[in-house]
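Quick note, this note's numbering runs 941 ahead of the 1-based positions in the sequence shown.
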Amino acid sequence: MFNINIKESTTEQLYSAVLAYTQDKIADVESVSGDRTVYYMSAEFLIGKLLSNNLMNLKIYDEVAAELAKYGRDITELEQYEPEPALGNGGLGRLAACFVDSIATLGINGQGLGLVYHYGLFKQVFERNLQTEVKDVWLDKPTWLRKTDFSTTVKLGDLNVTSRMYEMDVLGYNNKKSVLRLFDLESIDDTVITSGISFDQSEYAKNLALFLYPDDSTEEGLRLRFAQQYFMVQSGLAWILKDRQDHLHTLNEDIVIQINDTHPSLTILLLFKELLNHGIELQEAIKIVENTFAYTNHTILAEALEKWPLAYFEAIDPSLVAIIKQLDEVVKNRSADKRVVLVDENNLVHMASLAIHFSYSVNGVAALHTDILKNSELKHFNDLYPTKFNNKTNGITFRRWLAFSNKPLTAYLDGLIGNDYMSDADHLEKLLAYREDKDVLNTLIDIKHGNKVRLQNYLKQTQNIDINPDSIFDIQIKRLHEYKRQQMNLLYIIHMYQEIKAGLILDRPLTVFFGSKAAPAYTIAKDIIHALLTVSKIIENDPVVSKQLQVVFVENYNVTLAEYLIPAADISEQISLASKEASGTGNMKFMLNGALTLGTLDGANVEIAELVGEDNIYIFGEHSETIIEHYAKADYVSRDYYENSTLIKDAVDFIVSDLMLELGSKENLKRLHHELISKDWFMTLIDLEDYISVKNEMLKAYEDREDWSQKTLVNIAKAGFFSSDRTIMEYDRDIWKTNKY
Ligand code: 26Q
């Protein structure tokens, strides 16, 4: 099969051989096709490992595993050897990966465009209970990237660099494939890295493709980030327009460019430039551009909306400044409302504004998020363009998040209800017929336990962590951000620690898991990690508490760890401050794998709650309207909550207790303590008491094992709506219309 001595070969040799064999097979798979091409442009594609997923989609996983086993080799050896591509950060990047999977599965004529990052975001290493960052080396092993002969020159001010295109096939479930086209910097030179992830930020010819989201806390870092985006979109557009120079007048009939957040929004300006350079009049160019672009918004956090100084444009491509000024006039003619300006009084270009004015579709990523965009955050834009705004609730690919990562559950479902649900997810509802079936309910419990043991083995082997598979697994895994409120979970843990110290005995031990990276310059986020790691040690060192409570912060959380953690979860922590989490997609993965959501009415949690009904989800906290009002009135005072509740005060003050300060770092802990009392911008304390009581209610409910299992069954059965196939069908039906011409 592999033209190699399977028995004698090294892991690397065997991996290379199986990789080559799989790529050969994929080469025979038909590519997606259609009348119109959609380009999904994204700064991130968090694709995860590919070998087993591809083998499964080719339906030769068992065959290959058996062939290896014949010679005493285990396919898991290769799975573990394969590096995880470091091409993303969080939800937005993983969404892009699920979308390309669904594009391929549905045979929609689409492809992904992005960048190769040689060292990713960073690899997280804990030292003295603090996050440190080192480069994430993943390109030193054989990869799925194929070098192409397409290259282009990107001009950055006086500097010319060469961009080279690489391709990675993305295999769908139904014998079609799509492709990811990622651009790399030919002159990359990692000797500019000085230590960790620090590097000379000025040498664009050497550094542009080194890291994702290079430091945005300094002027130099921001300029580099801007240059990187420019490099990405210049390369992407060169590819898009390669054979289209003669068809520019009708470009929008042939293509759609979907931009994933504003990170690729410079493409809009570059297309204007291209059209104007071809002698097309501004009015016609506006028509073409407006009918070519569609924009997805992933956040309502004002601080995450990109704004670039005109000076940055001037430095890299002065011709864009003239275009921006023309477009600014166009915008001013459309509306006198200051809130929709393209360029503000500080000469900052609002990239979301650019993307909204010059696209034909603006979508949010969950029903509540789109409502908030339309009615408050982007209301003035919606007033101007009422037909542009639409909702596309996110989704996840069931191939990776069920078939691949939870094989025991998948096999069981296949036996029980058939496997039609893999291509038409609504069929999962057939499971509802078994909600009273004790055998089924007990089997679901057994499967969950098996997945806990699998996680136990994996964590022991990879991180030398011991966990108890007979405890309740309560999991919060996502980027570290104050709005996601890992710090609220921290306060819950502290509270439980204090209760257990005071004599409380839990019905069953609880293990609370975290997995999360903090942006390197995000101080408070790093303080939260530090506090969690410190509390974790205190609990571990306490002979009484450690029998009932354990806190596990996995290092370097990534897709691979998610694939182990999610199938093992009982409780899915989705506790963002209502109105702040655009959608969440982890929430969907947990639900599909039979974990119950403990969450606020935020993002897609709202839709989960509607689908499963209030008996099958644990909701707490203030509603989004209330929170939005608090922000409008600026009347949230965290100190009031702190002073008026001994429970809250005791938990918060523990952060700077002697015990904590002895083990942890004074600077970090004091800063976090102060932040919570004097600012707490994301209102941790507003929901803390409700959170504690609903979580405790949940722990009690867990003890009725059959009833709990029934709830998990309903969650699995109702997860069909969150298939990314459904999401992508909606994008195609409402926005892309790839087969309408
Ligand atoms: C912005 C400016 C400077 C530096 C970095 C950034 C930046 C980088 C990444 C801003 C945002 C991101 C990523 C955002 C993200 O992952 N958003 C998530 O998108 C998911 C998919 O729609 C949603 O489910 C999540 O709710 C949303 O948080």
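C-beta atoms are modelled at their ideal positions from N, C-alpha and C, and glycine is treated no differently.
Status (buried if at least 16 other CB within 10 Å, exposed otherwise) for Glu1504:
For the purposes of this step, residue 1504 is identified with residue 563 of the sequence shown, where counting begins at 1. It counts as buried.
Kindly indicate the opening and closing residues of the alpha helix (DSSP H) around Glu1270.
Start at 1 with the first residue of the sequence shown, and residue 1270 comes out as number 329. Start and end: 1260–1275.
What is the rounded straight-line gap between the Cα of Glu1584 and the Cα of Lys1590?
One-based indexing of the sequence shown puts residue 1584 at position 643. One-based indexing of the sequence shown puts residue 1590 at position 649. Cα atoms of Glu1584 and Lys1590: separation of roughly 6 Å, rounded to the nearest angstrom.
Lys1214 and Ser1260 look like a contact to me (Cβ under 8 Å); what is the Cβ gap, rounded to whole Å?
Along the sequence shown, read from residue 1 onward, the residue named residue 1214 stands at position 273. Along the sequence shown, read from residue 1 onward, the residue named residue 1260 stands at position 319. Their Cβ separation, rounded to whole angstroms, is 6 Å, which keeps Lys1214 and Ser1260 in contact under 8 Å.
Should Asn1347 and Pro1508 be called a contact, given that it needs their Cβ atoms to be closer than 8 Å?
In the sequence shown, residue 1347 corresponds to position 406, counting from 1. In the sequence shown, residue 1508 corresponds to position 567, counting from 1. Against a cut-off of 8 Å, the Cβ pair of Pro1508 and Asn1347 comes out as a contact.
If you draw a straight line from the C-alpha of Pro1349 to the C-alpha of Leu1537, how long is it?
Position 408 of the sequence shown, counted from the first residue, corresponds to residue 1349. Position 596 of the sequence shown, counted from the first residue, corresponds to residue 1537. Cα-Cα distance, rounded: 19 Å.
With the cut-off set at 8 Å, would you say Val1174 and Leu1207 are in Cβ contact?
Numbered from its first residue, the sequence shown carries residue 1174 at position 233. Numbered from its first residue, the sequence shown carries residue 1207 at position 266. Yes, the Cβ-Cβ distance between Val1174 and Leu1207 is below 8 Å.
Looking at Leu1283 and ligand 1, is the gap between the Cβ and the nearest heavy atom below 7 Å?
Position 342 of the sequence shown, counted from the first residue, corresponds to residue 1283. Outside the cutoff, so no.
Any heavy atom of ligand 1 closer than 7 Å to the Cβ of Val1306?
Your numbering for residue 1306 matches position 365 in the sequence shown. Correct: Val1306 has its Cβ closer than 7 Å to ligand 1.
Sequence-distant residues of its chain with Cβ nearer than 7 Å to Gln954 (five each side left out)
As a working mapping, residue 954 is identified with position 13 in the sequence shown. Setting aside the 5 residues that flank it on each side, Gln954 is surrounded in the same chain by Ile945, each with a C-beta closer than 7 Å to its C-beta; the list follows chain order.
Apply the 10 Å Cβ neighbour rule to Ile1241 and answer buried if 16 or more other Cβ atoms are within range, or exposed otherwise.
For the purposes of this step, residue 1241 is identified with residue 300 of the sequence shown, where counting begins at 1. Classification of Ile1241: buried, given that the 10 Å Cβ count is 16 or more.
Does Ala1592 pass the burial test, meaning 16 or more other C-beta atoms within 10 Å, or should it be called exposed?
As a first step, residue 1592 must be located in the sequence shown, where it is residue number 651. Taking a 10 Å sphere around the C-beta of Ala1592, we find 16 or more other C-beta atoms and assign the residue as buried.
Measuring alpha carbon to alpha carbon, tell me which residue in Leu1151, Ala958, Ala1007, Val1066 is nearest Tyr1498.
The count along the sequence shown starts at 1 and reaches residue 1498 at position 557. Ranking the options by Cα distance to Tyr1498, first place goes to Val1066.
So, with DSSP's three-state summary, where would you put Asn1331?
If you number the sequence shown from 1, residue 1331 lands on position 390. Strand at Asn1331.
beta-carbon Asp1202 near ligand 1 non-hydrogen atom, thresh 7 Å:
As a position in the sequence shown, residue 1202 is number 261, starting the count at 1. Yes; taking the cut-off as 7 Å, the Cβ of Asp1202 has a heavy atom of ligand 1 nearer than that.
Cβ of Asp1157 versus every heavy atom of ligand 1: is any distance shorter than 7 Å?
Position 216 of the sequence shown, counted from the first residue, corresponds to residue 1157. Yes.
Of all the beta strand (DSSP E) runs that stay within the bounds of the region 1437–1479, which reach a length of 3 or more residues?
For the region 1437–1479, whole beta strand (DSSP E) runs of length 3 or above, ordered along the chain, are 1451–1456.
Burial state of Asn994, where buried means 16 or more other Cβ atoms lie within 10 Å
Locating residue 994 in the sequence shown gives position 53, where the first residue counts as 1. Classification for Asn994: buried.
When DSSP builds the beta bridges, which residues end up paired with Ile1130?
In the sequence shown, residue 1130 corresponds to position 189, counting from 1. Here residue 1130 turns out to be Asp, not Ile, going by the sequence shown. Beta-bridge pairing links Asp1130 to no other residue.
Go ahead and pull the three-state DSSP assignment for Tyr1171.
Walking along the sequence shown from the start, residue 1171 turns up at place 230. If DSSP states are grouped into helix, strand and coil, Tyr1171 belongs with the helices.
Helix, strand or coil for Ile1683, going by three-state DSSP, please let me know.
Residue coverage of the chain in this structure runs from 942 to 1682, which leaves residue 1683 outside it and unanswerable.
Once you ignore the five residues that flank Asn1680 on each side, which residues in its own chain have a CB closer than 6 Å to its CB?
For this step, residue 1680 is matched to residue 739 along the sequence shown. Result list for Asn1680: Gly975, Asp976, in chain order.
Do Leu1565 and ligand 1 come close, with the Cβ less than 7 Å from some heavy atom?
Residue mapping note: residue 1565 aligns to position 624 of the sequence shown, counting from 1. The question names Leu, but residue 1565 in the sequence shown is Ser. Checking every heavy atom of ligand 1 against the Cβ of Ser1565, none is found closer than 7 Å.
Could you tell me the boundaries of the alpha helix (DSSP H) in which Asp1727 lies?
Because the chain here runs from 942 to 1682, residue 1727 falls outside it and cannot be looked at.
Which partner residues of Trp1249 appear in the DSSP bridge assignment?
Reading the sequence shown from its first residue, position 308 is the one you call residue 1249. According to DSSP, which records beta bridges pairwise, Trp1249 is partnered with Val1290.
Roughly how many angstroms lie between the CA atoms of Glu1370 and Thr1017, to the nearest whole one?
Looking up residue 1370 in the sequence shown gives position 429. Looking up residue 1017 in the sequence shown gives position 76. Spanning the two alpha carbons is a distance of roughly 32 Å.
Proximity winner among Trp1079, Leu991, Ile947, Leu1613, relative to His1471 (alpha-carbon distances):
Indexing the sequence shown from 1 puts residue 1471 at position 530. Of the listed residues, the one whose Cα sits closest to His1471 is Leu1613.
Output the distance between the C-alpha atoms of Tyr1463 and Gly1605, rounded to the nearest integer angstrom.
The residue labelled residue 1463 in the question sits at position 522 within the sequence shown. The residue labelled residue 1605 in the question sits at position 664 within the sequence shown. Roughly 19 Å between the two C-alpha positions.
Among Ile1229, Asp1187, Phe1254, which residue has its Cα nearest to the Cα of Tyr1171?
As a working note, residue 1171 is residue 230 in the sequence shown. Among Ile1229, Asp1187, Phe1254, the Cα nearest to that of Tyr1171 is on Phe1254.
Tell me, which residues are paired with Ile1416 by DSSP?
By one-based count along the sequence shown, residue 1416 stands at place 475. In the DSSP output, where bridge partners are listed per residue, Ile1416 has Phe1454, Ser1513.
What's the call for Glu1580, buried or exposed, on a 16-neighbour Cβ count within 10 Å?
For the purposes of this step, residue 1580 is taken as the residue at position 639 of the sequence shown. For clarity, residue 1580 is Arg in the given sequence; the question names Glu instead. So Arg1580 ends up on the exposed side.
Taking just the CA atoms, how far does Arg1105 sit from Val1486?
As a position in the sequence shown, residue 1486 is number 545, starting the count at 1. As a position in the sequence shown, residue 1105 is number 164, starting the count at 1. Roughly 56 Å separates the two Cα atoms.
For the candidate residues Arg1341, Val1306, Phe1345, Phe1663, whose alpha-carbon lies nearest to that of Asn1331?
To locate residue 1331, count along the sequence shown from 1; it is residue 390. Taking only the C-alpha atoms, the option nearest Asn1331 is Val1306.
Comparing alpha-carbon positions, which option in Tyr1301, Tyr1114, Asp1645 lies nearest Phe1040?
Here residue 1040 corresponds to residue number 99 of the sequence shown, with the count starting at 1. Comparing alpha carbon positions, the residue from Tyr1301, Tyr1114, Asp1645 closest to Phe1040 is Tyr1114.
Consult DSSP for Ala1523 and reduce its assignment to one of helix, strand or coil.
Numbered from 1 along the sequence shown, position 582 holds the residue referred to as residue 1523. Of the three classes helix, strand and coil, the one that applies to Ala1523 here is coil, per DSSP.
Skipping 5 residues on each side, what residues in its chain have a beta carbon closer than 6 Å to that of Thr1311?
Your numbering for residue 1311 matches position 370 in the sequence shown. Here the set comprises Gly1305, Asn1332.
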